[in-house]
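Read top to bottom, the protein sequences are chains Y and Z.
Each residue of the first sequence is one higher than the last, beginning at -8 in the working numbering.
Each residue of the second sequence is one higher than the last, beginning at 25 in the working numbering.
Just so it is clear, CB atoms sit at the ideal spot from N, CA and C, and this is done for glycine as well.
Treat the numbers as computed from the prediction; the structure is a model and nothing was measured.
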Amino acid sequence: SAVISQKPSRDICQRGTSLTIQCQVDSQVTMMFWYRQQPGQSLTLIATANQGSEATYESGFVIDKFPISRPNLTFSTLTVSNMSPEDSSIYLCSVEDHVMTDTQYFGPGTRLTVL
Amino acid sequence: AQSVTQLDSHVSVSEGTPVLLRCNYSSSYSPSLFWYVQHPNKGLQLLLKYTSAATLVKGINGFEAEFKKSETSFHLTKPSAHMSDAAEYFCVVTGSNDYKLSFGAGTTVTVRA
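Spelled out as structure tokens, the structure:
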């Protein structure tokens, strides 16, 4: 399975500011995914990021609020823009397995608190 | 569309006793089913996966799950709970697009000494 790291692991931010979260994988992967886990809740897919193309956003998520970059096959960033306390969540990236494309492996998550 | 229902939001067991986490699903397709575990302040770890090869699936750390199509269930069990099993467990199903995962609400497991 892939080894995934995220930076930062946690942060406390002021409302109105933006935070960029990095996701690094130890092998080349086609598809990377970004999820949000609000306090006490399950995971919700924000968007799918393929290298060389625009990210595909799920209903309820927009590029202006959550811009995503995917410059190469091992790296992606998610920016949470113009933050409000409602954005306080855990943000996780995941990647699909090379062979079993229905299987995803998750990073450790970024715990964001917005004051 | 697919969906997942985890029937218990919280399960409390004594160390050394069996653990049962219940999951029902609905899907218009032949889905893949997963159980993931999330320990406090950690990411998600894949416990096991069902893909129609066998109805009884063995995973890591002594967990196993049984797929029952007639009951649309995929319950997770472990014969003997350990303190390290205290965590949040998610039942997950794929959709028509393999990469679209649907997560259950999660079951919190506490283990009493």
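By a C-beta neighbour count over all protein chains shown, 10 Å radius and 16 as the cutoff for buried, is Z/F107 buried or exposed? Reading the sequence as shown, one finds Met at residue 107 of chain Z and not Phe. Classified as exposed, Z/M107 has fewer than 16 neighbouring CB atoms from the shown chains inside 10 Å of its CB.
With a threshold of 8 Å between beta-carbons, can Y/S50 be considered close to chain Z, or not? So no, Y/S50 is outside the interface.
Would you verify that the beta carbon of Z/L125 is, or is not, closer than 8 Å to some beta carbon of chain Y? Interface flag for Z/L125 against chain Y is set, since a Cβ pair is found closer than 8 Å.
So who's on the other strand from Y/R6, going by DSSP bridges? DSSP lists no bridge partner for Y/R6.
From Z/E88 to Z/L100, what distance separates their C-alpha atoms? When rounded, the separation of the alpha-carbon atoms in Z/E88 and Z/L100 is 6 Å.
Are the beta-carbon atoms belonging to Z/L44 and Z/W59 less than 8 Å from one another? With respect to Z/W59, Z/L44 sits apart: the two C-beta atoms are not nearer than 8 Å.
If we define contact as Cβ-Cβ less than 8 Å, is Z/L72 a contact residue for chain Y? Between Z/L72 and chain Y, the shortest Cβ-Cβ separation is not below 8 Å.
Within the 8 Å Cβ cut-off, does Z/K66 reach chain Y? Answer yes: the Cβ-Cβ gap between Z/K66 and chain Y drops below 8 Å somewhere.
In this structure, does DSSP put Z/M107 in helix, strand or coil? Helix at Z/M107.
Which stretch, first to last residue, makes up the beta strand (DSSP E) that contains Z/P42? Premise fails: Z/P42 is in no beta strand (DSSP E) and is neither H nor E.
Look up Z/H99 in the DSSP assignment and give the residues it is bridged to. Residue pairing by DSSP places Z/H99 opposite Z/E90 in a beta bridge.
Does the count of Cβ pairs from the stretch 26 to 41 of chain Z and the stretch 81 to 96 of chain Z closer than 8 Å reach three? Here the stretch 26 to 41 of chain Z makes no contact with the stretch 81 to 96 of chain Z; the two share fewer than three CB pairs at distances below 8 Å.
In whole angstroms, what is the alpha-carbon distance linking Y/D55 and Z/L70? Cα-Cα distance, rounded: 32 Å.
In chain Z, what lies closer than 8 Å to Y/D93 by C-beta? Result: S56, T75, T118, D122 and Y123.
Indicate the three-state DSSP secondary structure (helix, strand or coil) for Y/P76 in the structure shown. Three-state result, Y/P76: helix.
Can you pull the chain Y neighbours of Z/G128, defined as C-beta to C-beta under 7 Å? Per Cβ cutoff of 7 Å: S33.
Residues near Y/T87 in its chain [Cβ-Cβ closer than 6 Å; skip 5 each side]: Correcting the residue identity first, residue 87 of chain Y is Glu in this sequence and not Thr. Counting only Cβ-Cβ distances below 6 Å, and skipping sequence neighbours, we find M22 and Q95.
Give the interface partners of Z/S91 over in chain Y, defined as CB-CB distance under 7 Å, in chain order. Inspection of the sequence shows that residue 91 of chain Z is occupied by Phe rather than by Ser. The premise fails here: Z/F91 is roughly 15 Å from chain Y at the closest Cβ pair, so nothing lies under 7 Å.
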